[in-house]
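**Q**
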Amino acid sequence: MEDDYQSYTRLTRFEKKRKNTKWLSVFITIGAIFIVVLIGIFIFPSGDNEDYEAEVVNGENDSIKEDNNNDPISDSDSNEVDNPEGETDTNTTDNDYQNPDDFQLELVESDDDNVIQAYTSTWNPIQTIQSEPHSITWEQSSQDWKEMMQAAELATGIQVEEMYYLWVSGNGPQSVIATFSDGSFDNHYRVYLTWIENQGWKPEKVELLREHDQLHRFDSDRVSSEVEEDNVE
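One point on numbering: in the numbering used here, the residue at position 140 of the sequence shown is 1331, and numbering is uninterrupted.
Laid out in structure tokens, this is it:
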């Protein structure tokens, strides 16, 4: 009987020891896993930190690219490829277009009995592609004439192709006076234009006339015929 009791006692102790050993192993395993996790956290940064560092590096690369783009040689090469000369001229014309309706007119006095009304405004020069020194060109196919007429159109709102009996006369070394009628022959204009150095032709003043005072320079029979036809219409 005593032997049975001792055997039972030894078995109980063994089971307890085995259970304790099992739990100890579990705790050791959990502890090891926890340590591995901690080591992993310290060794491998979190995703947020990686993103932030990537942004900083990208920012540095962007700065380098910007510095390269500021290089005159790089700009020149880029313009040759992306902006052909013809396209550049077209874009410049579109961007620099001035609407006559965008300018507020200011009435000014005139001593001329033929002037119904005179006005001026803060017109800008028509941006030129001509170089200095400038000299007035009277050829109607020239760039100087084209820009001159654009300035007259800006000041009056009358398109160049609608300017009838156009007469342009010199008014100094770098100034001209353009006189013309509109398509109805009811409105007559005298426009004062001045060349601004390195900028272009600029309207200075417009006078609305009672009559076109330069018509005598044209064929009188032709003028009378066209005016009569317009009145009939």
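Even for Gly, the Cβ is constructed at its ideal location relative to N, Cα and C.
In angstroms with no decimal places, state the Cα-to-Cα distance between ASN1282 and GLY1374.
**A** If you number the sequence shown from 1, residue 1282 lands on position 91. If you number the sequence shown from 1, residue 1374 lands on position 183. With a pLDDT of 39 at ASN1282, under the threshold of 50, the modelled position of that residue is not reliable, and the figure given next carries that caveat. So the two alpha carbons sit approximately 30 angstroms from each other.
**Q** If we ignore side chains and look at the alpha-carbon of each, how far apart do VAL1367 and THR1313 end up?
**A** To locate residue 1367, count along the sequence shown from 1; it is residue 176. To locate residue 1313, count along the sequence shown from 1; it is residue 122. Straight-line Cα distance between these residues: approximately 18 angstroms.
**Q** Name the one or two DSSP bridge partners that ASP1325 has.
**A** Taking the first residue of the sequence shown as 1, we reach residue 1325 at position 134. Checking the sequence shown, residue 1325 turns out to be His, not Asp. Looking at the DSSP assignment, HIS1325 forms no beta bridge with any residue, so it has no partner.
**Q** Whose CA, out of ILE1224, GLN1334 and SER1372, lies closest to the CA of VAL1397?
**A** As a position in the sequence shown, residue 1397 is number 206, starting the count at 1. Comparing Cα-Cα distances from VAL1397 to each of ILE1224, GLN1334 and SER1372, the minimum goes to SER1372.
**Q** Quick test of your reading: ALA1342 and ILE1320, contact by CB under 8 angstroms. State the CB separation rounded to the nearest angstrom.
**A** Here residue 1342 refers to the residue found at position 151 when the sequence shown is read from its first residue. Here residue 1320 refers to the residue found at position 129 when the sequence shown is read from its first residue. Between ILE1320 and ALA1342 the Cβ distance is about 14 angstroms, and since that is not below 8 angstroms, they are no contact.
**Q** What residue range is occupied by the uninterrupted beta strand (DSSP E) comprising TRP1386?
**A** One-based indexing of the sequence shown puts residue 1386 at position 195. It spans 1379-1387 - the beta strand (DSSP E) in which TRP1386 sits, taken as one unbroken run.
**Q** Check ILE1349 in the structure and name its three-state DSSP category.
**A** Taking the first residue of the sequence shown as 1, we reach residue 1349 at position 158. Three-state result, ILE1349: coil.
**Q** Starting from GLU1297, trace the beta strand (DSSP E) both ways and give me its first and last residue.
**A** Residue 1297 sits at position 106 when you count from the first residue of the sequence shown. 1297-1299 is the span of the beta strand (DSSP E), which, as asked, contains GLU1297.
**Q** Could you tell me the distance, in whole angstroms, from the CA atom of PHE1376 to the CA atom of MET1339?
**A** Mapped onto the sequence shown, residue 1376 falls at position 185. Mapped onto the sequence shown, residue 1339 falls at position 148. Rounded to whole angstroms, PHE1376 to MET1339 spans 22 angstroms at the Cα level.
**Q** In whole angstroms, what separates the C-alpha of THR1328 from that of LEU1345?
**A** Along the sequence shown, one-based indexing puts residue 1328 at 137. Along the sequence shown, one-based indexing puts residue 1345 at 154. About 20 angstroms.
**Q** GLN1318 lies in the beta strand (DSSP E); which residues open and close that run?
**A** Position 127 of the sequence shown holds residue 1318. From DSSP, GLN1318 is part of no beta strand (DSSP E); its letter is neither H nor E.
**Q** Since LEU1399 sits in a beta bridge, which residues does DSSP pair it with?
**A** In the sequence shown, residue 1399 corresponds to position 208, counting from 1. LEU1399 is bridged to GLN1308 and TYR1380.
**Q** Helix, strand or coil: which one does DSSP assign to GLY1374?
**A** By one-based count along the sequence shown, residue 1374 stands at place 183. Here GLY1374 sits in coil by DSSP.
**Q** Inspect the beta-carbon positions of ASP1404 and ASN1305 and report whether they are closer than 8 angstroms.
**A** Your numbering for residue 1404 matches position 213 in the sequence shown. Your numbering for residue 1305 matches position 114 in the sequence shown. Cβ atoms of ASP1404 and ASN1305: closer than 8 angstroms.
**Q** Could you please give me the residues that DSSP links to ALA1343 through a beta bridge?
**A** The residue given as residue 1343 occupies position 152 in the sequence shown. The partner list for ALA1343 (beta bridge, DSSP) is empty, contrary to what the question assumes.
**Q** Have a look at ASP1410, ALA1309 and VAL1228 and flag the residue whose alpha-carbon is nearest the alpha-carbon of LEU1400.
**A** Working through the sequence shown from its first residue, we reach residue 1400 at position 209. The residue with the shortest Cα to Cα distance from LEU1400 is ALA1309.
**Q** Identify whether GLY1363 lies in helix, strand or coil by the three-state DSSP scheme.
**A** Indexing the sequence shown from 1 puts residue 1363 at position 172. It is coil, neither helix nor strand.
**Q** Just to confirm before moving on: does the CB-CB distance between THR1370 and TRP1358 stay below 8 angstroms?
**A** Along the sequence shown, read from residue 1 onward, the residue named residue 1370 stands at position 179. Along the sequence shown, read from residue 1 onward, the residue named residue 1358 stands at position 167. Yes, Cβ-Cβ distance for THR1370 and TRP1358 is below 8 angstroms.
**Q** Which residues in the same chain as ASP1410 place their Cβ atom closer than 7 angstroms to its Cβ, once the five residues preceding and following it in sequence are excluded?
**A** If you number the sequence shown from 1, residue 1410 lands on position 219. If we look at ASP1410 and ignore the five residues flanking it on each side, it has no Cβ neighbours.
**Q** Just the Cα atoms here: how many angstroms apart are GLY1231 and ALA1223?
**A** On the sequence shown, residue 1231 is found 40 positions in, with the first residue counted as 1. On the sequence shown, residue 1223 is found 32 positions in, with the first residue counted as 1. Cα to Cα, GLY1231 sits roughly 12 angstroms from ALA1223.
**Q** List the DSSP bridge partners of GLY1231.
**A** Sequence index remark: in the sequence shown, residue 1231 carries index 40 (1-based). DSSP output for GLY1231 lists no bridge partner at all.
**Q** Starting from GLY1222, follow its DSSP beta bridges and name the residues at the other end.
**A** Stepping through the sequence shown from its first residue, residue 1222 is reached at position 31. None; GLY1222 has no bridge partner.
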